[in-house]
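Asker: Residue numbers (my numbering), protein chains in the order written: chain U, 1 to 351; chain R, 1001 to 1351; chain S, 2001 to 2351; chain L, 3001 to 3351.
Glycine is no exception: its CB is placed at the ideal position from the N, C-alpha and C atoms.
There are 4 protein chains.
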Amino acid sequence: MKRINTAILGATGMIGQSYLYLLSNHPWLQVTSLTGGESAGKKYGVVAKWRMSSDIPEQFRDITVKPTEPEEVKADIIFSALPSSVAKVVEPRFAEAGYCIISDSSAFRPYDDMPVVIPEVNPEHLGIIEVQKSKRKWDGFIVSNPNCTVLGLNIVLKPIHDLLTIKKAVVTTMQAISGAGFPGVPSLSITDNIIPYIAEEEEKVRFEISKIFGSIEDGKIKLSDIKVEVCCNRVPTIDGHLETVYLETEERVDVDRVKDALRSFKGKPQELKLPTAPIPPIIVREEEDRPQPHLDRLAGSVPGMGVTVGRVRRGLDANSLWLHVLSHNTIRGGSGSSILIGELMLAQKMI
Amino acid sequence: MKRINTAILGATGMIGQSYLYLLSNHPWLQVTSLTGGESAGKKYGVVAKWRMSSDIPEQFRDITVKPTEPEEVKADIIFSALPSSVAKVVEPRFAEAGYCIISDSSAFRPYDDMPVVIPEVNPEHLGIIEVQKSKRKWDGFIVSNPNCTVLGLNIVLKPIHDLLTIKKAVVTTMQAISGAGFPGVPSLSITDNIIPYIAEEEEKVRFEISKIFGSIEDGKIKLSDIKVEVCCNRVPTIDGHLETVYLETEERVDVDRVKDALRSFKGKPQELKLPTAPIPPIIVREEEDRPQPHLDRLAGSVPGMGVTVGRVRRGLDANSLWLHVLSHNTIRGGSGSSILIGELMLAQKMI
Amino acid sequence: MKRINTAILGATGMIGQSYLYLLSNHPWLQVTSLTGGESAGKKYGVVAKWRMSSDIPEQFRDITVKPTEPEEVKADIIFSALPSSVAKVVEPRFAEAGYCIISDSSAFRPYDDMPVVIPEVNPEHLGIIEVQKSKRKWDGFIVSNPNCTVLGLNIVLKPIHDLLTIKKAVVTTMQAISGAGFPGVPSLSITDNIIPYIAEEEEKVRFEISKIFGSIEDGKIKLSDIKVEVCCNRVPTIDGHLETVYLETEERVDVDRVKDALRSFKGKPQELKLPTAPIPPIIVREEEDRPQPHLDRLAGSVPGMGVTVGRVRRGLDANSLWLHVLSHNTIRGGSGSSILIGELMLAQKMI
Amino acid sequence: MKRINTAILGATGMIGQSYLYLLSNHPWLQVTSLTGGESAGKKYGVVAKWRMSSDIPEQFRDITVKPTEPEEVKADIIFSALPSSVAKVVEPRFAEAGYCIISDSSAFRPYDDMPVVIPEVNPEHLGIIEVQKSKRKWDGFIVSNPNCTVLGLNIVLKPIHDLLTIKKAVVTTMQAISGAGFPGVPSLSITDNIIPYIAEEEEKVRFEISKIFGSIEDGKIKLSDIKVEVCCNRVPTIDGHLETVYLETEERVDVDRVKDALRSFKGKPQELKLPTAPIPPIIVREEEDRPQPHLDRLAGSVPGMGVTVGRVRRGLDANSLWLHVLSHNTIRGGSGSSILIGELMLAQKMI
């Protein structure tokens, strides 16, 4: 199979690096264009302050960074690592020029013709793309990845919500510093400390879960009425968002059946055996002290793509459930999920 | 005023040190006896691996540590910093010998004639001591301090529960490493990590809050039926337990009235102007990113005795409330509260 | 004694806050003016992102921040917390306008008419001020504080160099993150990490120690030829610079005599009993595992002003010495030393 | 090639786990026996508190742990992860029984018939084994790995010492917490802290480097007279020992020639292309802020086996050199080097 030409917009930052790290040996995708702002015109190896491992993969070192302009890029699929403020302006110009964009930014998630997709949860939302293209008169399109905090949570709520009816979820997050990018959180703010607030994060979590659980009606994505209470905290871990989840359900909870549902859950990526699909997508641990970010964030048959669940237990009420959810915020909660969207669309001939 | 002779049982460990740190300039209490296990017979300054500040306060350095035996101690009030397994055996022998014991251990908290007291919340539970003494035929008594995780939470729930009826509390804790004592948590277990479990902690929190909110009936402390769901986590902070609290209430929540109730709350320690009483006991912050352990754990007119609340806000439902609670786990949640119990009993001529 | 009117230039940042923290109860100095850049015109309590403790001292909260202009300030002594790039331009204008400036910036340390002063080590360098004023036609003057890394080291080298002749010092520093200010070091750069380089730091250390040990000749400060090899590292501690020091000496080393010299060392601040003078200035510990930043950074009769030395021992050669030095980088190595300079000048009627 | 039967003594601890992690896909070695103390008789997957990744490699999970006795083990090569106190008694019994032991413990390093080997530096010391066997009347033998702090340093000093004559090395180490094993360093001791002392470490470093640079004379390993001053510190990093190295040399230093010597250095493992040999063994970085433990500890063609050097520069004297050295303390400085010794002996038909 000839590999697909792939571009990364905003390739020098943390998210861009994360894409390159995951794409350095990809069987279907071949990185052919890297774009940047001030770094345009220079070799990637010179301008990228590489932080993913000791060295930039050799194959990217000598690629010349291009300006983030449609005419500078040659690619059949584009992953955008642009900050939201830039994405808002730039991504539509690429879509208009006919490019297929999978975006890590939050810029277009609010719009009802813009799908926010977790391949295992709502692949059917990709269907809205045709509406998007016709309405906006674009030859290309934009698909969004959800927020890093949403991903682990939503993928775990899916099989539970299929089994039981969730009346309310009460979620507390303990989010890693890499979630804020680089330079991101000052060390003086987080060493021996927790910051009990992340700007706009709680709103995003509530909205995006509601959207991902929503349905397409009349050419629009209609929000689900699932009720998610969420409280976001920044903690001094490097990678891996850990969340405590308390659920009130309509039905009595049978913990073993919940675990079975979690363990046997799979989605289109697993059915299609996509290269970046973790099998299984959800790992349920029985030890009383797992998941732990340091030990479990790289779990999964594709490292960092598995979501780990632990301490699945009933609350005081028969209709309640507690569990912990952990997912790698920059892999499963970022570039890895975007790549999985790309793989799904390629496998389904949507690109 | 002549200062009261005071003994610390188990004085060399972290909790014992914490007592000495707080008592080094106490207006009412004078440390006269220190006890220890293997360290008995040696100078405190030689055996204590002091960790509270750069040096042991001069006045304690030359005190000879005694065996933890009733006949070795001379004191009108005793603070016990013994581990629970030892406390279970030893404290009753001191009580039988006529000593007034205020214990930091969990050994006797489960018994219905043993008060677990937060001076601002349930000082009337001290009344059960007469039952305890007569039933157990003790000349002295044992009063317990609540668990470090309970304290901040319970003191904050009190004025809210007085204002509104709490149907259910859903609490996630992010607890500091000092809560596990010394050596406690291995650094390899907690650096760049969170441990999503603390042995027996959740059971203690549920039980003790229920007991503290309980009432004395027929010579027994009868548990309240307040419903507290709790999930405990160990995080890489040194001191200060931070908790997210979600409440479902019978009545609609008026956030401003809740804040007023928190701010104006005071208890007997404040009325009696006890030396270790923080005034006010609860500090409500308006910034969106507070309380933070590193900044707020030493808050209060008596440093470390104030409980800080922040992000007081309504949830999605009108009958719901979110807030963050922070308290210093070894001061307000440990030795400081024990000392406050002692002061309260002295002021009320109960000792 | 009427308290001296005192201004802080650049009062909202970390160094400015550190000054205010130390001056909140100063017996001689009263803060009357605070200046800032973008924050000018607003209340200090509104614009300062206070990080020194849970709250801004009440007395500073309502002071209106002024622009950093000579005509906006009323003060008999000024402490400058300006960044070097700003200090370079602004401080001379204040000096010209007649103000007495004690500066935390490195802007003027290189000049041979600009004293870099550690009150215990080279108070006589203040004599160069007369040259400075006449040469630059200033009514006021600028005195500089040394770099935070220099301070602990230099104060310890002084009594050793008086006792023995230091041929060469080989120093490795492990510097706390607060040394880089706020936001300073990104948490992603330093969590579970060490950065083996601090820009321009090694050059400053070598130069400033040489200058502080220098002598005034022909109206200029002439550098000493003491040879200091230094290698600077950033480590994940919050406050307190720890340094390993290896010395090659002309004479054989008698470790006990070195310790005696360190312990008995005192300077003008101690003789004059200045309010911020630590007595003694150097604390020598005998434990094999001290000094430790977390335990010892606030050592001293004035907390944070004492320099702690430990593990004083001979190397393999008879003419060699190893020791560890720890000092609080923002107190002894920053605002505290500047205040001590101010006190010394006031006591000597130089202001 | 048929894979060699391999045993790990003391397999459940951190070092044992580290061996299994590296041997899970080894082309020559196949793990057939695991031993333990209290865990004997149980499945490895049940007793090992696995910390190397999210899960124990499947192939080891069901191996039954045996008592650490020669008759319980079947193996052609044994890697010992026993603590020194146990190794001292047990390893000789295995050697007597004819086993080939490569030991991670320090128990036998002091003896002059016991080689301490870095395969790239002193492979010829393996020749002493014949003396050892005949003198001790053993059918088997013991070879030791050096201390984790020694390894990175010694392998870097080797090509420098071949190029120039090192008169004296002055070394400061910043050692990761994993170097102390598990539970090892309490989190309360090292969070926001540095411990300026590691028991017996400095003596080991001086002795072992001297031994590794020594020569075999009259059937004994004779110590070299290289002079290494060393000061060891524990810092809050997880893995990777970083060291600052200052060298005084007989000859003038040409920094470029030193870098060339470091870069072109190779030893027998590289010549023989052993499976665990990093090619090259030493990586020289040109950035001013490298090596960093978090970024560089897994460097090398075999991850964690490469030693990274940075900031190679001259000191103030022409005959001096500064550099930073980083190596992974549990891989290159532990099990990885032991495995490399085993590979070297197999390739040379010594086993």
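1. Output the boundary residues of the alpha helix (DSSP H) element that contains U:K158.
2. Use the C-beta contact count for U:F165: other C-beta atoms within 10 angstroms, 16 or more gives buried, fewer gives exposed.
3. Going by DSSP in three states, R:P1067 sits in which element: helix, strand or coil?
4. Which of helix, strand or coil does DSSP assign to U:Q175?
5. Quick one: is S:L2020 near chain R, going by C-beta distance under 7 angstroms?
6. Distance, Cα to Cα, U:E250 vs U:V170?
7. Can you give the Cα-Cα distance for R:L1298 and U:D289, rounded to whole angstroms?
8. Name, in chain order, the residues that DSSP records as bridge partners for L:H3241.
9. Under 7 angstroms between C-beta atoms, does L:I3282 make it to chain R?
10. Could you tell me whether the Cβ of R:A1299 comes closer than 7 angstroms to any Cβ of chain S?
11. Rounded to the nearest angstrom, what separates R:K1133 and R:D1256 at their Cα positions?
12. Tell me whether S:R2206 sits in a helix, a strand or coil according to DSSP, three-state version.
13. Any idea what DSSP makes of R:K1167, helix, strand or coil?
14. Thinking C-alpha only, which one of R:F1094, R:V1031, R:V1090 is nearest R:I1063?
15. Alpha carbon to alpha carbon, how far is S:S2189 from L:Q3292?
16. Quick one: which chain S residues come within Cβ less than 9 angstroms of L:L3316?
17. Which residue comes first and which comes last in the alpha helix (DSSP H) that contains L:Q3017?
18. Considering only the beta carbon of each residue, do R:S1337 and R:Y1019 sit closer than 7 angstroms?
19. Within 7 angstroms (strictly less), CB to CB, does U:D192 reach chain L?
20. What separation, rounded to the nearest whole angstrom, lies between the Cα atoms of R:F1079 and R:V1089?
21. Exposed or buried, which one is L:P3067 when buried takes at least 16 other CB atoms within 10 Å?
22. Taking R:V1046 as part of the alpha helix (DSSP H), name the residues at either end of that continuous run.
23. Can you give me, in chain order, the residues of the region 80-98 of chain U that have a beta carbon less than 9 angstroms from any beta carbon in chain S?
24. Assign S:K2220 to one of three DSSP states: helix, strand, or coil.
25. Chain S partners of U:P186, CB-CB under 8 angstroms?
26. Using a Cβ-Cβ cut-off of less than 8 angstroms, give me the residues of the region 3048-3059 of chain L that come near chain U, in sequence order.
27. Applying a beta-carbon distance threshold of less than 8 angstroms, which residues of chain S neighbour R:L1295?
28. Suppose the cutoff is 7 angstroms on Cβ atoms and the five residues either side in sequence are ignored; what does the same chain contact list for L:S3106 look like?
29. May I have a chain-ordered list of the beta strand (DSSP E) segments no shorter than 3 residues that lie completely inside the region 3259-3325 of chain L?
30. Closest to S:E2071 by C-alpha separation, out of S:L2009, S:E2120, S:N2122, would be which residue?
31. Does the beta-carbon of S:K2135 have 16 or more other beta-carbons within 10 angstroms, so that it is buried, or is it exposed?
32. Can you tell me where the alpha helix (DSSP H) with U:L34 in it begins and where it stops?
33. Spell out the partners DSSP gives L:T3006 in its beta bridges.
34. For U:R234, does the three-state DSSP call read helix, strand or coil?
35. Under three-state DSSP, which class holds R:I1195?
36. Are R:K1049 and R:V1065 touching if we call contact CB-CB under 7 angstroms?
Answerer: Straight from the coordinates:
1. Note, U:K158: alpha helix (DSSP H), 148-163.
2. Sequence check: residue 165 of chain U is Thr here, not Phe. Under this definition U:T165 is an exposed residue.
3. strand
4. strand
5. Not one chain R Cβ lies under 7 angstroms of S:L2020.
6. 15 angstroms
7. 30 angstroms
8. L:S3327
9. no
10. yes
11. Spanning the two alpha carbons is a distance of roughly 45 angstroms.
12. helix
13. Here DSSP, grouped into helix, strand and coil, assigns R:K1167 to strand.
14. Residue R:V1031 is the option with its Cα nearest to R:I1063.
15. 9 angstroms
16. K2168, R2206, K2227, V2228, E2229
17. 3014-3023
18. No, the Cβ-Cβ distance between R:S1337 and R:Y1019 is not below 7 angstroms.
19. yes
20. 16 angstroms
21. By the 10 Å Cβ count, L:P3067 comes out exposed.
22. Segment 1044-1047, the alpha helix (DSSP H) holding R:V1046.
23. In summary, no residue of the region 80-98 of chain U has a CB separated from any CB of chain S by less than 9 angstroms.
24. strand
25. F2182, P2183, G2184, V2185, P2186, S2187
26. Flagged, chain order: R3051, S3053, S3054, D3055.
27. R2051, S2053, S2054
28. Within the same chain, L:S3106 has close Cβ partners S3084, N3147, K3204.
29. 3282-3284, 3307-3313
30. S:L2009
31. exposed
32. Element bounds for U:L34: not the alpha helix (DSSP H) but the beta strand (DSSP E), 29-36.
33. L:V3031, L:I3077
34. strand
35. strand
36. no
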